[in-house]
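J.:
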Amino acid sequence: MATRFVIVGAGAIGCHVGGRLAAAGEQVVFVARRRIADALEGHGLVVSDLDGFRAALEPRCFVAVDTVAEAAAGGQPSFVLLCTKGGATVTAAGEIGAAFAQGTPILSLQNGIDNGDRIRSAAPGCQALAGMVPFNVVLTTGSDGRLTAHRATSGQLYAEDHVACRSVEAAFARAGLPLKLAADMAAVQWGKLLLNLNNPVNALAGLPLREELLDAGYRRVLAALQDEALDVMRKAGIRPAKVGAAPPRLIPTILRLPTWAFSRIAASMLKIDSSARSSMWDDIHAGRTTEIDDLCGAIVRLATAHGLTAPKNAAMADLVKHPGGSRRYSGPDLLQRLHQP
1 MATRFVIVGA
11 GAIGCHVGGR
21 LAAAGEQVVF
31 VARRRIADAL
41 EGHGLVVSDL
51 DGFRAALEPR
61 CFVAVDTVAE
71 AAAGGQPSFV
81 LLCTKGGATV
91 TAAGEIGAAF
101 AQGTPILSLQ
111 NGIDNGDRIR
121 SAAPGCQALA
131 GMVPFNVVLT
141 TGSDGRLTAH
151 RATSGQLYAE
161 DHVACRSVEA
171 AFARAGLPLK
181 LAADMAAVQW
191 GKLLLNLNNP
201 VNALAGLPLR
211 EELLDAGYRR
221 VLAALQDEAL
231 DVMRKAGIRP
241 AKVGAAPPRL
251 IPTILRLPTW
261 AFSRIAASML
271 KIDSSARSSM
281 WDDIHAGRTT
291 EIDDLCGAIV
301 RLATAHGLTA
311 PKNAAMADLV
321 KHPGGSRRYS
331 GPDLLQRLHQ
341 P
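Its first residue numbered 1, the sequence shown is counted upward by one per residue in UniProt numbering.
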């Protein structure tokens with residue numbers, strides 16, 4: 001029997017991953033906010049990427065609903081991809097656990113470290129599986145009302161090396177999203193978190209990602225956050241995995257290079273669509289709760305658990321929560337705020 005994929009939290013990442021699976025002929029059910037579900041039902045979905053892939057999916061290619069209970073109706077065995085923000089994990093996992101059969105796999109395609117524990121607590125009868133999404137997706141609405149989920153950066157999906165993930169490995173490969181199965185997903189997630197520390201920098205810079213990364217001032221801010229995070233991880237006995245082109249310990253050094261050298265050495269990091277921004281920028285400007293507690297906040301919690309402090313990450317978390325209206329911060333201004341006592 002073909003696998004039925006249920007995408008819970010069909011925002012940018014969920015629409016892109018689910019759309020690629022649907023384009024490959026897989027059964028896909030999107031669980032989304034009513035506005036997005038209506039757009040999917042009424043106009044379909046375009047999935048594309050910076051490498052030239054593009055598929056326009058008609059509404060008949062998938063199912064779109066706005067509740068988990070609707071997605072579970074009929075009792076068909078499913079593989080759930082949880083794509084909500086971290087703050088919504090407990091609620092979403094509780095709904096999945098209540099609606100789906102015991103043993104249903106839930107693969108977390110979310111930022112942060114703590115979502116696996118949240119899923120296990122809220123849905124103890126399901127199989128909580130760790131995953132990692134390395135790329136940025138931009139979700140836009142065209143003049144015709146059709147959504148486009150465009151992958152704007154590169155990278156390979158990771159998933160826990162588990163029998164449930166191995167069972168869908170071929171489906172992801174057919175969809176052009178091959179899974180890299182890893183035995184130590186905690187190390188992968190800590191490695192990804194280091195890269196995600198750029199999300200708040202980008203959000204407060206108010207610039208597209210590529211433009212921000214080409215600014216030495218903003219790179220110094222990111223390097224400071226990463227240096228502090230790496231020090232806390234080392235003292236906590238955590239060795240983050242290499243999930244990008246460079247080992248974690250070298251990334252702050254590369255970020256501090258002059259822009260001419262950085263742009264050559266970090267060419268793969270700069271392979272970004274010119275319009276791409278972090279989702280945190282979208283959240284701040286839409287007045288939504290951000291994921292800062294799952295990023296800088298995770299470093300602060302790890303430090304506290306080991307009798308340490310992480311003042312720079314704490315300062316960044318506070319600044320995201322209280323950004324001072326729509327003000328854009330320069331790199332030197334941000335760096336000064338991170339170093340304030």
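From the three backbone atoms N, C-alpha and C, an ideal C-beta is built for every residue, glycine too.
Bear in mind that the values here come from a model prediction, so they are computed numbers and not experimental data.
Count the other CB atoms within 10 Å of the CB of R118; is the residue buried (16 or more) or exposed (fewer)?
T.: Taking the sequence shown and counting its residues from 1, the one referred to as residue 118 is at position 118. It is buried - the Cβ of R118 has at least 16 other Cβ atoms within 10 Å.
J.: For D49, which residues does DSSP report across the bridge?
T.: What you label residue 49 is simply residue 49 of the sequence shown in a count that begins at 1. For D49, which the question treats as bridged, DSSP gives the partners R151.
J.: Do the stretch 217-227 and the stretch 253-271 meet, that is, are 3 or more Cβ pairs less than 8 angstroms apart?
T.: Yes, since at least three Cβ pairs between the stretch 217-227 and the stretch 253-271 fall closer than 8 angstroms, the two stretches touch.
J.: Would you mind sorting D294 into buried or exposed? The rule is 16 or more other CB atoms within 10 Å of its CB.
T.: As a working note, residue 294 is residue 294 in the sequence shown. By the 10 Å Cβ count, D294 comes out buried.
J.: Which of helix, strand or coil does DSSP assign to I251?
T.: Taking the first residue of the sequence shown as position 1, residue 251 is located at position 251. Here I251 sits in helix by DSSP.
J.: Hey, quick one: how far does the alpha helix (DSSP H) through R328 stretch, first residue to last?
T.: Taking the first residue of the sequence shown as position 1, residue 328 is located at position 328. No alpha helix (DSSP H) holds R328; DSSP gives it neither H nor E.
J.: List the residues that DSSP assigns as beta-bridge partners of Y218.
T.: Sequence index remark: in the sequence shown, residue 218 carries index 218 (1-based). Answer is none; Y218 lacks a bridge partner.
J.: Measuring alpha carbon to alpha carbon, tell me which of Q226, C15, L147 and T84 ends up nearest G42.
T.: In the sequence shown, counting from the first residue as 1, residue 42 sits at position 42. Among Q226, C15, L147 and T84, the Cα nearest to that of G42 belongs to L147.
J.: Are L109 and I36 closer than 9 angstroms when you measure CB to CB?
T.: Locating residue 109 in the sequence shown gives position 109, counting from the first residue. Locating residue 36 in the sequence shown gives position 36, counting from the first residue. Taking 9 angstroms as the Cβ cut-off, L109 and I36 do not qualify as a contacting pair.
J.: Confirm, please, whether the CB-CB distance from A310 to E228 is below 9 angstroms.
T.: Taking the first residue of the sequence shown as position 1, residue 228 is located at position 228. Taking the first residue of the sequence shown as position 1, residue 310 is located at position 310. Yes, the pair counts as a contact, with Cβ atoms nearer than the cut-off.
J.: Please state whether DSSP places L257 in a helix, a strand or coil.
T.: The residue given as residue 257 occupies position 257 in the sequence shown. L257: coil per DSSP, three-state reduction.
J.: Output needed for G155: all residues of its chain with C-beta closer than 6 angstroms, excluding positions within five of it in sequence on either side, in chain order.
T.: Translated into positions along the sequence shown, residue 155 becomes position 155. These residues qualify, in order along the chain: P134 and F135.
J.: Taking the straight line between their C-alpha atoms, what separation do you get for N199 and T3?
T.: One-based indexing of the sequence shown puts residue 199 at position 199. One-based indexing of the sequence shown puts residue 3 at position 3. Taking the straight line from one Cα to the other gives about 33 angstroms.
J.: Ignore the nearest five residues each way along the sequence and tell me which others in A205's own chain have a CB closer than 6 angstroms to its CB.
T.: Counted from its first residue, the sequence shown places residue 205 at position 205. The answer, listed in chain order, is E212 and Y218.
J.: Hey, would you say the C-beta of G116 is under 8 angstroms away from at least one heavy atom of the ligand NAD?
T.: No copy of the ligand NAD appears in this structure; indeed no ligand is present at all.
J.: Going by DSSP, what residue range makes up the alpha helix (DSSP H) through P311?
T.: In the sequence shown, the residue the question calls residue 311 occupies position 311. P311 to K321 is the span of the alpha helix (DSSP H), which, as asked, contains P311.
J.: Would you decide whether P208 is buried or exposed? Buried here means 16 or more other CB atoms lie within 10 Å of its CB.
T.: Within the sequence shown, residue 208 is the residue found at index 208, counting from 1. Buried, since its Cβ has 16 or more Cβ neighbours within 10 Å.
J.: What does the alpha-carbon distance come out to for the pair C296 and L335?
T.: As a first step, residue 296 is located in the sequence shown; it is residue number 296 there, counting from the start. As a first step, residue 335 is located in the sequence shown; it is residue number 335 there, counting from the start. C296 and L335: Cα-Cα distance of roughly 15 angstroms.
J.: State the start and end residues of the unbroken beta strand (DSSP E) segment that holds I7.
T.: What you label residue 7 is simply residue 7 of the sequence shown in a count that begins at 1. Run containing I7: R4 to V8, per the beta strand (DSSP E) assignment.
J.: Go ahead and label L21 buried or exposed: buried means 16 or more other beta carbons lie within 10 angstroms of its beta carbon, across all protein chains shown.
T.: Numbered from 1 along the sequence shown, position 21 holds the residue referred to as residue 21. By the 10 Å Cβ count, L21 comes out buried.
J.: Excluding the 5 residues flanking L179 on each side, which residues of the same chain have their C-beta closer than 6 angstroms to its C-beta?
T.: On the sequence shown, residue 179 is found 179 positions in, with the first residue counted as 1. Counting only Cβ-Cβ distances below 6 angstroms, and skipping sequence neighbours, we find L157, A159, E169 and F172.
J.: Contact between the stretch 299-314 and the stretch 233-246: three or more CB pairs below 8 angstroms?
T.: At 8 angstroms Cβ cutoff, the stretches touch.
J.: Beta-carbon within less than 8 angstroms of K242's beta-carbon, same chain only, minus the 5 sequence neighbours each way: which residues are those?
T.: Position 242 of the sequence shown, counted from the start, is the residue given in the question as residue 242. Correct list, in chain order: G191 and P248.
J.: Using the rule of at least 16 other Cβ atoms within 10 Å of the residue's Cβ for burial, across every protein chain shown, is Q102 buried or exposed?
T.: The count along the sequence shown starts at 1 and reaches residue 102 at position 102. That one is exposed.
J.: Check for me: the alpha helix (DSSP H) holding I119 runs from which residue to which?
T.: Along the sequence shown, one-based indexing puts residue 119 at 119. Residues N115 to A122.
J.: Identify the continuous alpha helix (DSSP H) that holds I36 and give its terminal residues.
T.: Taking the first residue of the sequence shown as 1, we reach residue 36 at position 36. R34 to H43 is the span of the alpha helix (DSSP H), which, as asked, contains I36.
J.: Helix, strand or coil, according to DSSP, for E169 in the structure here?
T.: Sequence index remark: in the sequence shown, residue 169 carries index 169 (1-based). DSSP places E169 in helix when its eight states are reduced to three.
J.: Assuming the contact rule is C-beta atoms closer than 8 angstroms, N202 and W281 should be a hit. Round their C-beta distance to whole Å, please.
T.: Taking the first residue of the sequence shown as position 1, residue 202 is located at position 202. Taking the first residue of the sequence shown as position 1, residue 281 is located at position 281. Between W281 and N202 the Cβ distance is about 6 angstroms, and since that is below 8 angstroms, they are a contact.
J.: Would you kindly check if the distance between the Cβ of A276 and the Cβ of A152 is under 9 angstroms?
T.: As a working mapping, residue 152 is identified with position 152 in the sequence shown. As a working mapping, residue 276 is identified with position 276 in the sequence shown. Going by C-beta atoms, A152 is nearer than 9 angstroms to A276.
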